[in-house]
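Trainee:
4 protein chains.
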Amino acid sequence: MNTWGNKIKISIFGESHGAAIGVVLDGIPSGLPLDMDFIRREMLRRAPGQNSLSTPRKEADEVEILSGVMNSVTTGTPICGIIKNTNTKSKDYNKNLLRPGHADFTGFQKYGDSHDFRGGGHFSGRITAPLVFAGAIAKQLLSQKGISIGSHIKQIYDIKEPSFMDSPLSKELLNEISLKDFPVISDEIGEKMKQAILGASSEKDSVGGIIECAVLGLAAGIGSPFFASLESVISSMMFSIPAVKGIEFGRGFDFTNLKGSVANDPFQTDGEKIFTTTNNNGGINGGISNGMPVLFSVAMKPTPSIAQTQNTVDTEKMENTTIEIKGRHDPCIVQRAAVVVECGTALAVLDSIL
Amino acid sequence: MNTWGNKIKISIFGESHGAAIGVVLDGIPSGLPLDMDFIRREMLRRAPGQNSLSTPRKEADEVEILSGVMNSVTTGTPICGIIKNTNTKSKDYNKNLLRPGHADFTGFQKYGDSHDFRGGGHFSGRITAPLVFAGAIAKQLLSQKGISIGSHIKQIYDIKEPSFMDSPLSKELLNEISLKDFPVISDEIGEKMKQAILGASSEKDSVGGIIECAVLGLAAGIGSPFFASLESVISSMMFSIPAVKGIEFGRGFDFTNLKGSVANDPFQTDGEKIFTTTNNNGGINGGISNGMPVLFSVAMKPTPSIAQTQNTVDTEKMENTTIEIKGRHDPCIVQRAAVVVECGTALAVLDSIL
Amino acid sequence: MNTWGNKIKISIFGESHGAAIGVVLDGIPSGLPLDMDFIRREMLRRAPGQNSLSTPRKEADEVEILSGVMNSVTTGTPICGIIKNTNTKSKDYNKNLLRPGHADFTGFQKYGDSHDFRGGGHFSGRITAPLVFAGAIAKQLLSQKGISIGSHIKQIYDIKEPSFMDSPLSKELLNEISLKDFPVISDEIGEKMKQAILGASSEKDSVGGIIECAVLGLAAGIGSPFFASLESVISSMMFSIPAVKGIEFGRGFDFTNLKGSVANDPFQTDGEKIFTTTNNNGGINGGISNGMPVLFSVAMKPTPSIAQTQNTVDTEKMENTTIEIKGRHDPCIVQRAAVVVECGTALAVLDSIL
Amino acid sequence: MNTWGNKIKISIFGESHGAAIGVVLDGIPSGLPLDMDFIRREMLRRAPGQNSLSTPRKEADEVEILSGVMNSVTTGTPICGIIKNTNTKSKDYNKNLLRPGHADFTGFQKYGDSHDFRGGGHFSGRITAPLVFAGAIAKQLLSQKGISIGSHIKQIYDIKEPSFMDSPLSKELLNEISLKDFPVISDEIGEKMKQAILGASSEKDSVGGIIECAVLGLAAGIGSPFFASLESVISSMMFSIPAVKGIEFGRGFDFTNLKGSVANDPFQTDGEKIFTTTNNNGGINGGISNGMPVLFSVAMKPTPSIAQTQNTVDTEKMENTTIEIKGRHDPCIVQRAAVVVECGTALAVLDSIL
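So this is what it looks like as structure tokens:
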């Protein structure tokens, strides 16, 4: 089902080569003034064609708001935003040749002959654009409540930069990174990451990476034990984003290398507030926020669309064959996905605090 | 909320030191004969006190079925199973001293003075016992449909054994591992893992690890793009399990080290079936099963309860102080959690296929 | 929340005077060929301006399908249909004068100053147009499964015609009624109903009525005991339709006048099938269909918009005053609502059988 | 599914002749002191065997609270309450003879041979006991917020008493009625209703009736347009109660006899508050509370279990035959159902205001 949320409800719709893609976002309180410039900037962070690293395919990605907003202020009723599909080249796609790493095969298994395979159809990364629109609204509401969300690229291929867990973290830093074309803490390391991407591109190949996301200003006590743990809510949203294949909170998989005496975040007080002196748990104990920054990382696989020859199957002939994917594709999706991760997180956090 | 699922509904209830813990499982079709011995064996895999590695605390963990079953066959109506709490020592717990790494602080932040903090209350790992009961039922229903679920410990502290992705995998292997006290592929490596646990224990410390889970026999076409992706559904369940801090599907975080040309799983056909020649994606493309084994790993942090002196806060005096956790605790929870991961997975898979 | 359903999900959005109204319908299987002419006819049955009984306001009500349909066949992904608002006259509405019987007051109570009050905003009966679009698709899917849904006007003001419970009922009859401008069994009685409407209109007044709906071809065994009873699912949908204030299944409120010996529908068999010889229960026992026609009636209140002077409050001055509602309004909404009731029912039945 | 609610979640389980029946109630905030005497009194209002009007079958109906309550105060985690089944006589029931008006046939259609038919199984009216337990907790929480819920029997067979809409209504009156064995405004009319019940009983027959329910103290602005209208939420709960076959809000079906000029409730102000001078709409406009008492009536059919000979089918032989229902049954269920209606309403209102 393409509906998500408990206290908010998000419904995503659309296919890469259909008339339009969009989202219905329900549960946003009335009276929130929307900063349309901010929304546009967030959309632009995700949009293709912004620099040499991404597909030259230009998409206007202009959102038309159909409902739920009057004079740029939310009315409290469902907000529907749509983005028309204008620049589509369906002829690039061959129905019978399964693209490895894509959802062509599973799409046909699930939907049969009526599956809209053109450009990935409903599986297209393009469907994250409405998610960014919805998340940008969520971000504004969270911002009113003192909550900031930001991210950086922690790794591209084998190039890494330090975690938010091991470097100074502030709202200002998150904002600063969000204004960069290539969202990293260290531009020097970012340059190396770009080289790794361009290197892969020149080999007709692709690379993946890791995005680390931070939520600042979230009060302690948000979330639930068990099924609605903050980790459950955030992860269910993150795995909605195409190409995400892993998530870890705080030290995550690195917890295996720590003993309890080091892993446990000791509590401390200044007489007024209680906090932890380390944040290995990424701001969450027992599924509930503890007032420290909520920190998690998501792993994104390399873009499956590559220009190299790959083995595959022709489903009509049921024969082994090869495919060379033409068309306009990103050698790396990670830099464009950072804002998607942030916006998805904003929706997940909003659903938890309302 | 402690209710989970779309096509099935699970409600978990209970506190570590309350009258009973239990679960309501709705959506199981009528006519399923329950193998009570199998359920008991699964419960025993999770139960404490089974060997020198785990807490000497003995829990009967005998499930009483209150509804939904007549003559050992499901009736189609909600199944309620409860486990009475008998062996509880509440005096071991001091309300004012926050245990680092536990949910004491967040529990009080969320629930206030009425929070049942005794033994972790509703946050206790003991609450996973009803999940195993429910999951054991789900496993039997899946088994009827040819679907098997198993797991092994892939890592304890710094001791690792090979992934299911890099070694032969079969239903028989999964079954064999499930019968072991210490669920690993290689008993030799398992012995080293046990030593690591005992070593931590002797230092009054604890260790965590990684459990890898496999779902065999799942047809292609199960799951959904976006919000109800198989990864979303499984991960939301996995992060319900206390101490789980990370999850990755297929290569997961290792995807960052692979280029697209290697990461993509090429399709092949034998003229009848289509499959992939590698399984880096862990059996899932675009959120939907592709017919290959579904493979994922979860990271579990070290048990937070350790006997060492730790820094913490006395919440009554609002002063910094130290705590030494007495009582009966596991130096490692991973070996007992394997069946919890499997049972949670069974519920997630069942919810996706019904 | 404006999302409904378990196995299907419907999200309705839009305001009477916004850019567009619409619906996202998720859960429709792939491969359903859409009969666009049928959809248009259903939309037309609800549309205003069709005859002298309804508002002269003409609305094109042309649905644009944005997603989920390729070459007029459903793809299995969410279907979004929108209807642009073109013929809106916002100047007819005064924000400070509460219209009696309308949701102006409650809208401001819930949404505050940002409430979109123009033309009733999100409360407008116009928002049922997308519901008809979604329901018309559901009807086609149900039709494939041998299920027909139809309705007639059982009462307008004090003019009644016999219930489906007390007259011959067939698929053909339902179809025949659906083709009428004024959907009644007996055109003679229908004529009197029309006179009652025109009479009210000439007095600057309005009237309500009762719509009876029938579901034919629904197999026994659909629905659930308790919370997801067929009555619960249908009624929750019916009370989503503006102006509906009552619902009864089978004899409903008339059950009070029957004794058990008469009310109980005795079972009978022809050796092959089991059926009941009467259908006082309206085809539902214990929340589950029994194979007889599902029959229920909904009561609709008189249109609240009337041209007579009414007492009300000026919310700005907080003073008692009067209002005369100008603009274009129906003296009776019942005849246009019949198709809305049917389409809502189609969605409810579909959610129960999938 | 036997789970209900958005902001609270209720799961009902149990069969008439199983080990126990019960409920899990999630979403009740921590810190609510439970008045166990009040809960017991509410349970007793529903319990059988209280007077000559109802079945002599005695049920202890003692609730055991398993979780979510510590020292009689809610902890904020799921509350599970169970009632053991002790006094069950399964031999009274013959699997092959379908009881007219009951869910025997539909139960077998839905659940097949594994259907627990004993005493109606999960369809039994006895399953409303846990609903009363949950609702009694909800009532206490609502009471803290100044909201009172009460009801009276408006009609038994052809004996009627005035509606709350046409007689003085106060919190005190509701309380006073709730303390009566036979919950009516006028004991004189009540006596006639009892005679009607006893008369039916002496004829081995049964009668139904109408319960009118009132919610006092609910602020304006609660509920939603469309799918989560207050009417939708309340009605979906009401039709979960066995034997309920109709519901109407305010004038309901009587709206058909009113013209808009009379039906519309004019607004008035005293300079501080806005209210309506009549309450035909039963306190709800556009699905949202308007601050007036919320008023609705539910129709209950005659108890289907009667001692008279009835025609039915022997499902084993597939032959027409007759049945005489022995055992212990109520000639009228309405007086016992009043508290069930109130408690269901309390849960519905609570779900809408949290």
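Residue numbers (the numbering used here), protein chains in the order written: chain G, 1 to 354; chain U, 1 to 354; chain W, 1 to 354; chain D, 1 to 354. Beta carbons are placed, not taken as given, at the ideal position from N, Cα and C, and that holds for glycine.
(1) Need the endpoints of the alpha helix (DSSP H) that residue 259 of chain U sits in, please.
(2) Is the separation between the beta-carbon of residue 340 of chain G and that of residue 46 of chain G shorter than 9 angstroms?
(3) For residue 183 of chain D, which residues in the same chain have their Cβ closer than 7 angstroms to its Cβ, ignoring the five residues on either side in sequence?
(4) Should residue 331 of chain W and residue 303 of chain W be called a contact, given that it needs their Cβ atoms to be closer than 9 angstroms?
(5) Closest Cβ-Cβ distance between residue 343 of chain W and chain G: below 9 angstroms?
(6) Residue 301 of chain G lies in the beta strand (DSSP E); which residues open and close that run?
(7) Do the CB positions of residue 96 of chain U and residue 314 of chain U come within less than 9 angstroms of each other?
(8) In chain G, what lies closer than 7 angstroms to residue 360 of chain W by C-beta?
(9) Is the separation between the beta-carbon of residue 301 of chain G and that of residue 243 of chain G shorter than 9 angstroms?
(10) Since residue 20 of chain U sits in a beta bridge, which residues does DSSP pair it with?
(11) Which same chain residues end up closer than 7 angstroms to residue 197 of chain U when comparing Cβ atoms and leaving out the 5 residues on each side of it in sequence?
(12) Keeping to the same chain, check which residues put their C-beta closer than 7 angstroms to that of residue 167 of chain D; ignore five residues upstream and five downstream.
(13) Please decide whether residue 35 of chain U counts as near chain D, where near means a Cβ-Cβ distance under 9 angstroms.
(14) For residue 162 of chain W, which residues in chain D fall below 8 angstroms Cβ to Cβ?
(15) What does the alpha-carbon distance come out to for the pair residue 329 of chain W and residue 72 of chain D?
(16) Buried or exposed, going by whether 16 or more other CB atoms sit within 10 Å of the CB of residue 43 of chain U?
(17) Which residues, in order along the segment 2-29 of chain D, keep a beta-carbon less than 8 angstroms from a beta-carbon of chain U?
(18) Is DSSP giving residue 373 of chain W helix, strand or coil here?
(19) For residue 291 of chain G, is the classification buried or exposed, using 16 other Cβ atoms within 10 angstroms of its Cβ as the cut-off for buried?
(20) Should residue 312 of chain D and residue 100 of chain W be called a contact, given that it needs their Cβ atoms to be closer than 9 angstroms?
(21) Mind checking if residue 118 of chain W is an interface residue toward chain D, Cβ cutoff 9 angstroms exclusive?
(22) Using a Cβ cut-off of 9 angstroms (strictly closer), state whether residue 66 of chain D contacts chain U.
(23) I'd like to confirm the pairing. Which residues does DSSP put opposite residue 348 of chain U in its beta bridges?
(24) Can you find a C-beta in chain D that's less than 9 angstroms from the C-beta of residue 355 of chain W?
(25) Name the chain G residues whose beta carbon is nearer than 7 angstroms to that of residue 82 of chain W?
(26) Examine chain U for any beta-carbon lying closer than 9 angstroms to the beta-carbon of residue 193 of chain G, and answer yes or no.
(27) Hey, how far is the Cα of residue 229 of chain D from the Cα of residue 171 of chain G?
(28) Give the straight-line distance between the Cα atoms of residue 82 of chain G and residue 65 of chain G, rounded to the nearest whole angstrom.
(29) Please look up how many angstroms separate the CB atoms of residue 31 of chain W and residue 77 of chain W, rounded, as I've assumed it's under 8 angstroms.
(30) Is residue 50 of chain D helix, strand or coil by DSSP?
(31) Assign residue 219 of chain G to buried or exposed, taking buried as 16 or more other Cβ atoms, counted over all protein chains shown, within 10 Å of its Cβ.
(32) Strictly below 7 angstroms CB to CB, what residues from chain G border residue 102 of chain W?
(33) Taking the alpha-carbon positions, what's the residue 247 of chain G to residue 285 of chain U distance?
(34) Counting only C-beta atoms, is residue 39 of chain G closer than 9 angstroms to chain W at any point?
(35) Quick one: what's got a C-beta closer than 6 angstroms to residue 39 of chain W's C-beta in the same chain, skipping five residues either side?
Mentor: In short:
(1) To locate residue 259 of chain U, count along the second sequence from 1; it is residue 259. Unbroken run through residue 259 of chain U: none, as it is neither H nor E.
(2) Here residue 340 of chain G is taken as the residue at index 340 of the first sequence, counted from 1. Here residue 46 of chain G is taken as the residue at index 46 of the first sequence, counted from 1. Yes, the Cβ-Cβ distance between residue 340 of chain G and residue 46 of chain G is below 9 angstroms.
(3) Here the question's residue 183 of chain D lines up with position 183 in the fourth sequence. 151, 152, 153, 177, 335, 338, listed in sequence order.
(4) Reading the third sequence from its first residue, position 331 is the one you call residue 331 of chain W. Reading the third sequence from its first residue, position 303 is the one you call residue 303 of chain W. In this structure, residue 303 of chain W lies closer than 9 angstroms to residue 331 of chain W by Cβ.
(5) Counted from its first residue, the third sequence places residue 343 of chain W at position 343. No - not a single Cβ of chain G is within 9 angstroms of the one on residue 343 of chain W.
(6) Within the first sequence, the letter at position 301 stands for residue 301 of chain G. First-last for residue 301 of chain G: undefined, no H or E at that position.
(7) Translated into positions along the second sequence, residue 96 of chain U becomes position 96. Translated into positions along the second sequence, residue 314 of chain U becomes position 314. Judged by beta-carbon spacing, residue 314 of chain U lies within the 9 angstroms limit of residue 96 of chain U, meaning their Cβ atoms are closer than that value.
(8) Limits of chain W in this structure are 1 at one end and 354 at the other, which puts residue 360 of chain W out of reach.
(9) Here residue 301 of chain G refers to the residue found at position 301 of the first sequence. Here residue 243 of chain G refers to the residue found at position 243 of the first sequence. Cβ distance < 9 angstroms, so residue 301 of chain G and residue 243 of chain G count as in contact.
(10) Within the second sequence, the letter at position 20 stands for residue 20 of chain U. Paired residues: U:84.
(11) If you number the second sequence from 1, residue 197 of chain U lands on position 197. Result list for residue 197 of chain U: 53, 156, 207, 331, 332, in chain order.
(12) Taking the first residue of the fourth sequence as position 1, residue 167 of chain D is located at position 167. Result list for residue 167 of chain D: 185, in chain order.
(13) By one-based count along the second sequence, residue 35 of chain U stands at place 35. Cβ-Cβ to chain D under 9 angstroms: no for residue 35 of chain U.
(14) Position 162 of the third sequence, counted from the start, is the residue given in the question as residue 162 of chain W. The premise fails here: residue 162 of chain W is roughly 16 angstroms from chain D at the closest Cβ pair, so nothing lies under 8 angstroms.
(15) Along the third sequence, one-based indexing puts residue 329 of chain W at 329. Along the fourth sequence, one-based indexing puts residue 72 of chain D at 72. Spanning the two alpha carbons is a distance of roughly 56 angstroms.
(16) Start at 1 with the first residue of the second sequence, and residue 43 of chain U comes out as number 43. When all chains shown are included, residue 43 of chain U counts as buried.
(17) 2, 3, 9, 11, 12, 13, 14, 15, 18, 19, 20, 21, 22, 24, 26, 27
(18) The requested residue 373 of chain W does not occur in the structure, where chain W is confined to residues 1 to 354.
(19) Numbered from its first residue, the first sequence carries residue 291 of chain G at position 291. Buried, because 16 or more other Cβ atoms sit within 10 Å of the Cβ of residue 291 of chain G.
(20) For the purposes of this step, residue 312 of chain D is identified with residue 312 of the fourth sequence, where counting begins at 1. For the purposes of this step, residue 100 of chain W is identified with residue 100 of the third sequence, where counting begins at 1. Their beta carbons are not under 9 angstroms apart, which means residue 312 of chain D does not touch residue 100 of chain W by this criterion.
(21) The residue you call residue 118 of chain W lines up with position 118 of the third sequence. No, because no Cβ of chain D sits closer than 9 angstroms to the Cβ of residue 118 of chain W.
(22) To locate residue 66 of chain D, count along the fourth sequence from 1; it is residue 66. Closer than 9 angstroms: yes.
(23) To locate residue 348 of chain U, count along the second sequence from 1; it is residue 348. Paired residue(s): none; residue 348 of chain U is not in a bridge.
(24) Since the first residue of chain W shown is 1 and the last is 354, residue 355 of chain W is not available in this structure.
(25) Against the third sequence, residue 82 of chain W aligns to sequence position 82. The contacting residues are 66.
(26) Here residue 193 of chain G is taken as the residue at index 193 of the first sequence, counted from 1. By this cut-off, residue 193 of chain G is not an interface position.
(27) Here residue 229 of chain D refers to the residue found at position 229 when the fourth sequence is read from its first residue. Here residue 171 of chain G refers to the residue found at position 171 when the first sequence is read from its first residue. Between residue 229 of chain D and residue 171 of chain G, the C-alpha separation is close to 40 angstroms.
(28) Taking the first residue of the first sequence as position 1, residue 82 of chain G is located at position 82. Taking the first residue of the first sequence as position 1, residue 65 of chain G is located at position 65. In a straight line, the C-alpha of residue 82 of chain G is about 7 angstroms away from that of residue 65 of chain G.
(29) Residue numbering aside, residue 31 of chain W sits at position 31 when the third sequence is read from its first letter. Residue numbering aside, residue 77 of chain W sits at position 77 when the third sequence is read from its first letter. With a Cβ gap of about 12 angstroms, residue 31 of chain W and residue 77 of chain W do not count as contacting.
(30) For the purposes of this step, residue 50 of chain D is identified with residue 50 of the fourth sequence, where counting begins at 1. Residue 50 of chain D falls in the coil class under three-state DSSP.
(31) Position 219 of the first sequence, counted from the first residue, corresponds to residue 219 of chain G. Label assigned to residue 219 of chain G: exposed.
(32) For the purposes of this step, residue 102 of chain W is taken as the residue at position 102 of the third sequence. Near residue 102 of chain W there are no residues of chain G at all, since even the closest Cβ is about 16 angstroms away, more than 7 angstroms.
(33) Your numbering for residue 247 of chain G matches position 247 in the first sequence. Your numbering for residue 285 of chain U matches position 285 in the second sequence. Going by the C-alpha atoms only, they are around 17 angstroms apart.
(34) For the purposes of this step, residue 39 of chain G is taken as the residue at position 39 of the first sequence. Chain W, which has no Cβ nearer than 9 angstroms to the Cβ of residue 39 of chain G, makes this no.
(35) As a position in the third sequence, residue 39 of chain W is number 39, starting the count at 1. Excluding residues up to 5 positions away in sequence, 136 lie with their Cβ nearer than 6 angstroms to the Cβ of residue 39 of chain W in the same chain.
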